[in-house]
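S.K.:
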Amino acid sequence: MAAPNSGVVGSFRHLDSLILAIEQLKKAGYRELQALSPVPHHAIDEALEKPPSPVRVFTLIGCLLGAIAGFTLTIGASLHYPLIVGGKPIVSIPPFLVIVFELTILFGGLLTLGGMLLNARLPRVHVGPAYNPRFSEDRFGLWIGCEEKQYDEVERLLENAGAEDIVRDVS
Amino acid sequence: MPPLNYSQVDKDILRAMQAPGWRYYAILSADLVVLAWGIYAWRYTVQRGLGVWGITHPVMWAMDITNFVFWVGIAHSGTLISAILYLFRVRWRAGIYRTAEAVTVFALFTAALFPVIHLGRPWFFYWLFPYPQVGGLWINFRSPLVWDVFAVSTYMIISVLFFFTGLVPDMAVVRNQTSGWRHKVYAFMAQGWQGTDRQWRHYKAAYLFLAALATPLVISVHSVVSWDFAQTIVPGWHSTIFAPYFVAGAIHSGLAMVIMLLIPVRRVFRLDAYLTQEHLENLAKLIILTGLIVGYAYVVETYIAWYSNNIPEWQHFTFQITGEYAIPFWIMILFNSLVPLLFFLKPIRTSTPWLFGIAVLINIGMWMERFVIIVTSLAHEYDPYSWGLFIPTWVDISITVGSFAWFFLWFLLFAKLLPVVSIVEVKEELPPPMMGQKVER
Chain A
141 MAAPNSGVVG SFRHLDSLIL AIEQLKKAGY RELQALSPVP HHAIDEALEK
191 PPSPVRVFTL IGCLLGAIAG FTLTIGASLH YPLIVGGKPI VSIPPFLVIV
241 FELTILFGGL LTLGGMLLNA RLPRVHVGPA YNPRFSEDRF GLWIGCEEKQ
291 YDEVERLLEN AGAEDIVRDV S
Chain B
825 MPPLNYSQVD KDILRAMQAP GWRYYAILSA DLVVLAWGIY AWRYTVQRGL
875 GVWGITHPVM WAMDITNFVF WVGIAHSGTL ISAILYLFRV RWRAGIYRTA
925 EAVTVFALFT AALFPVIHLG RPWFFYWLFP YPQVGGLWIN FRSPLVWDVF
975 AVSTYMIISV LFFFTGLVPD MAVVRNQTSG WRHKVYAFMA QGWQGTDRQW
1025 RHYKAAYLFL AALATPLVIS VHSVVSWDFA QTIVPGWHST IFAPYFVAGA
1075 IHSGLAMVIM LLIPVRRVFR LDAYLTQEHL ENLAKLIILT GLIVGYAYVV
1125 ETYIAWYSNN IPEWQHFTFQ ITGEYAIPFW IMILFNSLVP LLFFLKPIRT
1175 STPWLFGIAV LINIGMWMER FVIIVTSLAH EYDPYSWGLF IPTWVDISIT
1225 VGSFAWFFLW FLLFAKLLPV VSIVEVKEEL PPPMMGQKVE R
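Chains A and B are the protein sequences, given in the same order. Mapping the first sequence onto the working numbering, position 58 (from 1) lands on 198, and the numbers just tick up by one. Mapping the second sequence onto the working numbering, position 330 (from 1) lands on 1154, and the numbers just tick up by one.
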């Protein structure tokens, strides 16, 4: 984000006040908005108009890699030391599919987690400056990245929407 | 009772994490004593060899494999509640899923011990995994035992991931309300969680996909476990019914274990508003379903043995029903398929003592089922000359009891150190605080 790295944080008691604030700030032309909430809510995502999470691509790639790894491991190991067991072919696909299936799930799960951490920028050593412990409890927060001269306008908009507490110059 | 709000949820659930009283330590100490005894019995086995167990030709798999199958089965209901019910958007799962998932993780910690305990030389446990070694010899990927290694390890890793991923936002709440070393530990587990829209968006997506991956996984795991038996030609094992039969039985026993643990958790921590009678009742209804499937499987299995006109197969069933192991067999029939039918009566499924009592009986019944399947089949194979019996020794019994202590040790620690009810998911189920403003679209 090559945007202003300082801004204003408003805190809301009610979810609809937060949504209203997002709508009004968007109308006023602010694009650097970040909501903080104790629970996820689809109304927040809709108001912020964020694209769907790319985590699903990670899951898909993980599953495909897992399947390839499963086939490579079972077939490769069997060919590397060809030993006939129970009169079955060296490359016996049906029993190998069990391994392939398990590795598909395993790699898919691991990459899903990796995708989430990467996209959500986790883990982080310190929580951000905009964060207030109450945003994990019962308050909704809205961070607006803006220039110092815009603070007054942003603060007015937040107050109109029903913010109960506003902190300026958070960076 | 006033309607719940967000900060009330935090307060109630965090109250369960306050410093425990003397009763907790008394239970914990008793548990540790039993566990120490189990560990001693295992040490004795390692020192003297597997001959100190009751296993002898022809019954070379007995209580340790019974315990392995039993504990893997216990794990299954947790994934059912946390992943499958999540995909179906079942709302009542929010209150109970954390405990159910903890049962999954700890049951797998317990189950994973048994294949290692059963190894004559447990320090070579890594031979189970594929790794390049000097001789160039690999594990046999055509063997169901190797499938088992992959299935159970994958299940354990995915369950642990799922459990800790679900914990992250809750850990942020706990982090904010603790201090000192506890704050450091919870801050680490929260991984810097702030609840920004970006974090939530990717988190929800990842959670959904983990649930979607865990669902086929859980079905596969007990199927693979059942193939350890069904792939052989032993009468009583060699049957295509085994995979669904095992999966249903696994969920049956797991649900009973979840009920058995939820009742004390609810009572001790006074979480009646979160773990309601309705939750227990719904679990009891699920038990009716799994109990009926299990009962049906018993009938079909016996019918097929009779209808096949296969002499070894039918002698095995008559031996099960009337032989030396008839008591475990009839306990299994009674406790698993008949007693749960009492849940059809509303007064019984809404009464806590009945629920608890029946859940205990189902767990006993399901343990007996694993025992009956494994031991009776091996005891009477094809050739009457090589028939034999298994009689457990004190070492077998001590290791089994020790495994229960090991499981309950994890659960006791969990009950005090982590939120037993998911804070975030309970909040999600509450109506969000609204001012009543009209939001323009």
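Beta carbons: idealized from backbone N, C-alpha and C, even for Gly. Since this is a predicted model, take the numbers as computed values, not measurements.
1. Span of the beta strand (DSSP E) holding A/Gly285?
2. Which residues of the stretch 148-177 of chain A have a Cβ closer than 7 Å to any Cβ of chain B? Give them in chain order.
3. Excluding the 5 residues preceding and the 5 following B/Val1219 in the sequence, name in chain order all residues of the same chain whose CB lies nearer than 8 Å to its CB.
4. What residues of chain A sit near B/Phe948, judged by a beta carbon separation below 7 Å?
5. Strictly below 7 Å CB to CB, what residues from chain A border B/Leu1034?
6. Quick check on B/Asp994: does DSSP put it in helix, strand or coil?
7. Determine the direct distance from the alpha carbon of A/Val148 to that of A/Glu295, and round the result to whole angstroms.
8. Throw me the rounded Cβ distance for the B/Val998 and B/Pro1243 pair, which I believe falls under 8 Å.
9. Pull up the CB-CB distance for B/Phe1070 and B/Trp1061, whole angstroms please, since I reckon it's below 8 Å.
10. I need the DSSP call for B/Val914, collapsed to helix, strand or coil.
11. A/Gln174 bridges to which residues according to DSSP?
12. Look at the Cβ atom of B/Ala1074, then the Cβ atom of B/Ile1186, and state whether they are nearer than 7 Å.
13. Using beta-carbon positions only, say whether B/Leu859 and B/Ala1239 come within less than 7 Å of one another.
14. How many Å lie between A/Glu277 and B/Thr923 at the Cα?
15. Considering only DSSP beta bridges, list what A/Ser151 is partnered with.
16. Taking the alpha carbon of B/Ile889 as the point to measure from, which residue in B/Tyr979, B/Ser1227, B/Leu1099, B/Val1089 has its own alpha carbon closest?
17. Please report the Cβ distance between B/Ala1030 and A/Val195, rounded to the nearest whole angstrom; I am assuming they are in contact, meaning their Cβ atoms lie under 8 Å.
18. Which term fits B/Asp1207, buried or exposed, when burial requires 16 or more other beta carbons within 10 angstroms of its beta carbon?
19. State the CB to CB distance for the pair B/Phe1159 and B/Lys1109, rounded to an integer number of angstroms; the pair is presumed to be in contact (CB under 8 Å).
20. Let me check one thing: in DSSP terms, what residues is B/Val1082 bridge-paired to?
21. When the distance is taken between beta carbons, is B/Gly902 closer than 7 Å to B/Ser1077?
22. So B/Ser831 contacts chain A; which residues on that side make the cut at Cβ distance below 7 Å?
23. Kindly confirm or deny that the stretch 1116-1136 of chain B and the stretch 1146-1155 of chain B touch, where touching means at least three C-beta pairs closer than 8 Å.
24. DSSP three-state label for B/Thr989, please.
25. Would you list, in sequence order, the uninterrupted alpha helix (DSSP H) runs of no fewer than 4 residues that lie entirely inside the stretch 1034-1109 of chain B?
26. Can you confirm whether A/Pro269, when its beta carbon is compared against all beta carbons of chain B, has any partner nearer than 7 Å?
27. With DSSP as the reference, label B/Glu1176 as helix, strand or coil.
28. May I ask you to list the residues that DSSP assigns as paired with A/Met310?
29. Listed in chain order, which residues of the stretch 949-981 of chain B have Cβ atoms closer than 7 Å to some Cβ of chain A?
30. Would DSSP call B/Thr1217 helix, strand or coil?
31. How big is the Cα-Cα spacing for B/Ile837 and B/Phe1066?
32. So, is the C-beta of A/Arg296 closer than 7 Å to a C-beta in chain B?
33. Taking only three categories from DSSP, how would you classify B/Thr1114?
34. Should A/Asp292 be labelled buried (16 or more other beta-carbon atoms within 10 Å of its own) or exposed?
35. Taking 7 Å as the CB-CB cut-off, is A/Ile245 touching chain B?
36. Could you work out which residues of chain A lie near B/Asp1021, taking near to mean beta carbons separated by less than 7 Å?
M.R.: Short version:
1. First-last of the beta strand (DSSP E) with A/Gly285: 280-285.
2. Within the stretch 148-177 of chain A, the residues whose Cβ lies closer than 7 Å to some Cβ of chain B are Arg153, His154, Leu155, Asp156, Ser157, Ile159, Leu160, Glu163, Gln174, Ala175, Leu176, Ser177, listed in chain order.
3. By the criterion of a C-beta distance shorter than 8 Å, B/Val1219 is surrounded in its chain by Ala865, Tyr868, Thr869, Val876, Trp877, once the five residues flanking it on both sides are discounted.
4. For B/Phe948, there are no neighbours in chain A by C-beta distance under 7 Å, as the nearest C-beta there is about 19 Å away.
5. Under the 7 Å cutoff, chain A gives Gly249, Thr252.
6. If DSSP states are grouped into helix, strand and coil, B/Asp994 belongs with the helices.
7. Between A/Glu295 and A/Val148, the C-alpha separation is close to 8 Å.
8. B/Val998 to B/Pro1243, Cβ: 7 Å. Contact.
9. No, B/Phe1070 and B/Trp1061 are not in contact; Cβ-Cβ is about 11 Å, not under 8 Å.
10. Taken through DSSP and simplified to helix, strand or coil, B/Val914 comes out as coil.
11. Paired residue(s): A/Trp283.
12. With respect to B/Ile1186, B/Ala1074 sits apart: the two C-beta atoms are not nearer than 7 Å.
13. Result no, Cβ atoms of B/Leu859 and B/Ala1239 do not sit closer than 7 Å.
14. If you draw a straight line from the Cα of A/Glu277 to the Cα of B/Thr923, it is about 22 Å long.
15. Per DSSP, A/Gly281, A/Asp305.
16. Answer by Cα proximity: B/Ser1227.
17. A Cβ-Cβ distance of about 5 Å is found for the pair B/Ala1030 and A/Val195, placing them in contact under the 8 Å criterion.
18. Result: exposed.
19. Taking C-beta atoms under 8 Å as the contact rule, B/Phe1159 and B/Lys1109 fail to qualify, at a distance of about 18 Å.
20. According to DSSP, which records beta bridges pairwise, B/Val1082 is partnered with nothing at all.
21. No, they are not a contact pair.
22. For B/Ser831, the residues of chain A that pass the 7 Å Cβ criterion are Glu277, Asp278, in the order they occur in the chain.
23. Output reads no: the stretch 1146-1155 of chain B does not touch the stretch 1116-1136 of chain B.
24. Three-state result, B/Thr989: helix.
25. Within the stretch 1034-1109 of chain B, the complete alpha helix (DSSP H) runs of at least 4 residues fall at 1066-1092.
26. With 7 Å as the cut-off, A/Pro269 does not count as an interface residue toward chain B.
27. Note that residue 1176 of chain B is Thr in the sequence shown here, rather than Glu. In the structure shown, B/Thr1176 sits in a helix (DSSP, three-state: H, G or I).
28. The residue asked about is misnamed: residue 310 of chain A is Val in this sequence, not Met. DSSP lists A/Gly147 as partners of A/Val310.
29. Listed by position, the residues of the stretch 949-981 of chain B near chain A (Cβ gap below 7 Å) are Pro954, Gly960, Leu961, Trp962, Asn964, Phe965, Arg966, Trp971, Phe974, Ala975, Thr978, Ile981.
30. When secondary structure is reduced to three states using DSSP, B/Thr1217 falls in the coil class, being assigned neither helix nor strand.
31. Straight across, the Cα-Cα distance linking B/Ile837 with B/Phe1066 is about 41 Å.
32. Chain B, which has no Cβ nearer than 7 Å to the Cβ of A/Arg296, makes this no.
33. Three-state result, B/Thr1114: helix.
34. With fewer than 16 Cβ atoms within 10 Å of its Cβ, A/Asp292 is classed as exposed.
35. Chain B, which has a Cβ nearer than 7 Å to the Cβ of A/Ile245, makes this yes.
36. Neighbours of B/Asp1021 on chain A, chain order: Gln174, Ala175, Ile184, Asp185, Leu188, Lys190.
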